[in-house]
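Q: Have a look at the structure that comes next, please.
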Amino acid sequence: MEFRETIRQQLQYGEATPLVMSSSIAAGSQNGGIGARLLRSDSRQVRTHVHERVRTDLMPWTRKLSFAASFLEVLVEAAVLLLTRNQPCDAPLKLWIGVLIALQTASIVLRLLGSVYSRVALLELQPAGSDGSGLITQEVFRSGQRGDLTALAASSDFDAPGATFAADVEVPAFAVQQPTRILHALYLGWIILGSIWLSESRTCPGTAPLLFRICVILVLVYFAFLMLPLVLITLIICCLPLLIRFLVNYAERLRRQERAAAPEIVEQLPVVQFDASQCEDFGFEEDGAPICTICLSQYEPAEEIRKLPCGHHFHRACVDQWLLFFDKSCPQCRSDVDASQTTRHWQGNHPERINPASSSEEEYV
Numbered sequence: 419m420e421f422r423e424t425i426r427q428q429l430q431y432g433e434a435t436p437l438v439m440s441s442s443i444a445a446g447s448q449n450g451g452i453g454a455r456l457l458r459s460d461s462r463q464v465r466t467h468v469h470e471r472v473r474t475d476l477m478p479w480t481r482k483l484s485f486a487a488s489f490l491e492v493l494v495e496a497a498v499l500l501l502t503r504n505q506p507c508d509a510p511l512k513l514w515i516g517v518l519i520a521l522q523t524a525s526i527v528l529r530l531l532g533s534v535y536s537r538v539a540l541l542e543l544q545p546a547g548s549d550g551s552g553l554i555t556q557e558v559f560r561s562g563q564r565g566d567l568t569a570l571a572a573s574s575d576f577d578a579p580g581a582t583f584a585a586d587v588e589v590p591a592f593a594v595q596q597p598t599r600i601l602h603a604l605y606l607g608w609i610i611l612g613s614i615w616l617s618e619s620r621t622c623p624g625t626a627p628l629l630f631r632i633c634v635i636l637v638l639v640y641f642a643f644l645m646l647p648l649v650l651i652t653l654i655i656c657c658l659p660l661l662i663r664f665l666v667n668y669a670e671r672l673r674r675q676e677r678a679a680a681p682e683i684v685e686q687l688p689v690v691q692f693d694a695s696q697c698e699d700f701g702f703e704e705d706g707a708p709i710c711t712i713c714l715s716q717y718e719p720a721e722e723i724r725k726l727p728c729g730h731h732f733h734r735a736c737v738d739q740w741l742l743f744f745d746k747s748c749p750q751c752r753s754d755v756d757a758s759q760t761t762r763h764w765q766g767n768h769p770e771r772i773n774p775a776s777s778s779e780e781e782y783v
């Protein structure tokens, strides 16, 4: 009895953690073992304040916006009917708007009922049994699907051998779905019928222009909403290759930016003017005429050549573009130009040919 009163007080002041189960358990031990079970069965506990759930989950901002738009549409349609009540029309457009208002009102009511039944945790605590020794906890949830109406006897143990399980019962939220589907079908048929009446009207644009324009706008808006999924699917199919290509290029550009060398590092690399008669002094030890492996062109006299720490050499213009915009590694051996390593002094006997801005006492391998 004390445990039951404690749970009732906690639920009254919003301090209890309700237990959610999918079946009813009755009869069990008389030691009040349900209290310990409630505390340690974390997988079955809903750690949400009941009042906060009612306040936050009942009407999300999307549903509020939907209800506001539907209510505003009903007001506009009713105002149009009131303003054009004395204007004749050869098509039954006034009847069409009147039935549309009724359908929209029914839709608002059904959505409200669905929100209440599917989004609010209905927690009810009451004595169970003739002696009032048990507690029954009921909760409805699962947002518009078939939920469970669960009952739990407070005096029973979960592991009691005599426990019996009751079948799940259907909650009212599931009963709202069928009328909603029927209402949507009526919506579709009524919109198509309205478009037919609009196309057959001859005198209504002149005798009741406001009524006719509102009907045209409503039909266009409804058909736009109906065609929106098809349009989105078409756009996805047509634009997906372009989107993939854009994303691939964007990812490649990001990768290049991450791997590109800093301008100050590139400027520190030595630059010489090529002299064919002194190739060995400059470290160009390849057989035959030395070439730039980037553009595959032979070095011309007085051309600026940049030599990397790894010992490979290229045209200054070619290797600078590679290092600054593509990768900070050597195009030939893939060694990073900013890697700290012991190098040898390769300038030789011609220090005057070194770029003054990059002359240093550094050694390169």
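In our numbering, the protein residues as written are 419 to 783.
All residues carry an ideal CB built from backbone N, CA and C; glycine is no exception.
Computed from a prediction, not measured in an experiment: that's the story for all the values here.
In or out: GLU479 buried (at least 16 other Cβ within 10 Å) or exposed?
A: The sequence shown places Trp at residue 479, not Glu. So TRP479 ends up on the exposed side.
Q: Let me make sure I understand the geometry here. Which of ALA626, ILE654, LYS512 has the alpha-carbon closest to that of LEU611?
A: When only C-alpha atoms are compared, the closest one is LYS512.
Q: Please report how far the alpha carbon of ALA524 lies from the alpha carbon of LEU601, in whole angstroms.
A: Those two C-alpha atoms are separated by around 8 Å.
Q: By Cβ distance below 6 Å, which residues in the same chain neighbour PHE485 in space, the five residues on each side in sequence not counted?
A: Excluding positions up to five away in sequence, the list is empty.
Q: In this structure, how does DSSP classify SER695 when only helix, strand and coil are distinguished?
A: In this structure, SER695 counts as helix in the three-state DSSP scheme.
Q: Please tell me whether CYS622 and ALA497 are closer than 8 Å, where the distance is taken between their beta carbons.
A: No, Cβ-Cβ distance for CYS622 and ALA497 is not below 8 Å.
Q: CA-CA distance, THR502 and ILE526?
A: Using only the alpha carbons, I get a separation of about 25 Å.
Q: Could you please give me the residues that DSSP links to ILE723 through a beta bridge?
A: Beta-bridge pairing links ILE723 to VAL690, HIS733.
Q: Using the Cα positions of LEU530 and TYR605, report the straight-line distance between them to the nearest angstrom.
A: One C-alpha to the other measures close to 18 Å.
Q: Given a threshold of 16 other Cβ atoms within 10 Å of its Cβ, counted over all protein chains shown, does ILE723 qualify as buried or as exposed?
A: Classification of ILE723: buried, given that the 10 Å Cβ count is 16 or more.
Q: With DSSP as the reference, please indicate the residues paired to GLN675 in a beta bridge.
A: Answer is none; GLN675 lacks a bridge partner.
Q: So HIS731 and CYS751 are supposed to be a Cβ contact under 8 Å. How far apart are they, rounded?
A: Between CYS751 and HIS731 the Cβ distance is about 12 Å, and since that is not below 8 Å, they are no contact.
Q: Just the C-alpha distance for VAL494 and VAL594, rounded to the nearest angstrom, thanks.
A: Near 27 Å, if we compare the C-alpha coordinates of VAL594 and VAL494.
Q: With C-beta atoms as the reference, is PHE744 less than 8 Å away from TYR717?
A: No; because the gap between Cβ atoms is not below 8 Å, this pair is not in contact.
Q: Tell me whether the segment 633 to 641 and the segment 665 to 678 touch, counting them as touching only if at least three CB pairs, one residue from each stretch, are closer than 8 Å.
A: Taking 8 Å as the limit for Cβ pairs, the verdict is that the segment 665 to 678 does not touch the segment 633 to 641.
Q: Whole angstroms are fine: how far does the CA of CYS713 sit from the CA of CYS789?
A: Given that the chain is displayed from residue 419 to residue 783, the structure contains no residue 789 and the question cannot be resolved.
Q: Could you compute how far the alpha carbon of ARG734 sits from the alpha carbon of VAL689?
A: The straight-line gap from Cα to Cα measures roughly 7 Å.
Q: Would TRP608 and LEU521 be called neighbours here (beta carbons separated by less than 8 Å)?
A: Yes, they are a contact pair.
Q: Could you pull out every residue in the same chain whose Cβ sits closer than 7 Å to the Cβ of GLY547, ignoring the five residues on either side in sequence?
A: Its pLDDT being 44, under 50, GLY547 is placed unreliably in this model, and the coordinates cannot settle the point.
Q: Following the continuous alpha helix (DSSP H) through CYS622, name the residue where it begins and the one where it ends.
A: Note, CYS622: alpha helix (DSSP H), 622 to 625.
Q: Please return the same chain residues whose Cβ sits closer than 6 Å to the Cβ of LEU661, not counting the five positions on each side in sequence.
A: Closer than 6 Å at the Cβ level, and outside the excluded window around LEU661, lies no residue.
Q: Please name the residue in GLY532, LEU629, LYS482, LEU528 whose C-alpha comes closest to that of ASP507.
A: According to the sequence as given, residue 507 is Cys; it is not Asp. Comparing Cα-Cα distances from CYS507 to each of GLY532, LEU629, LYS482, LEU528, the minimum goes to LEU629.
Q: Excluding the 5 residues flanking VAL363 on each side, which residues of the same chain have their C-beta closer than 7 Å to its C-beta?
A: Only positions 419 to 783 of the chain appear in the structure, and residue 363 is not among them; the question remains open.
Q: Three-state secondary structure (DSSP) at ASP738?
A: In this structure, ASP738 counts as helix in the three-state DSSP scheme.
Q: Our contact map puts VAL684 next to LEU726 with C-beta atoms below 8 Å; I'd like the distance itself, whole angstroms only.
A: So it is not a contact: roughly 10 Å between Cβ atoms.
Q: Using only alpha-carbon positions, find the residue among PRO719, PRO749, GLU682 that is nearest to THR711.
A: Among PRO719, PRO749, GLU682, the Cα nearest to that of THR711 belongs to PRO749.
Q: Quick one: what's got a C-beta closer than 8 Å to ASP738's C-beta in the same chain, skipping five residues either side?
A: Excluding sequence neighbours, ASP738 sits near VAL684, ARG724.
Q: Mark ALA626 as exposed unless 16 or more other C-beta atoms lie within 10 angstroms of its C-beta, in which case mark it buried.
A: Classification for ALA626: buried.
Q: Which residues share a DSSP beta bridge with ILE709?
A: The partner list for ILE709 (beta bridge, DSSP) reads GLN716.
Q: Just list the residues that DSSP pairs SER747 with in beta bridges.
A: Answer by DSSP bridge pairing, in chain order: ASP754.
Q: With respect to 7 Å, is the separation between the Cβ of VAL494 and the closest non-hydrogen atom of the ligand ZN below this value?
A: Here there are no bound small molecules, and the ligand ZN is not part of this structure.
Q: Pick helix, strand or coil for GLN596, following the three-state DSSP scheme.
A: GLN596: helix per DSSP, three-state reduction.
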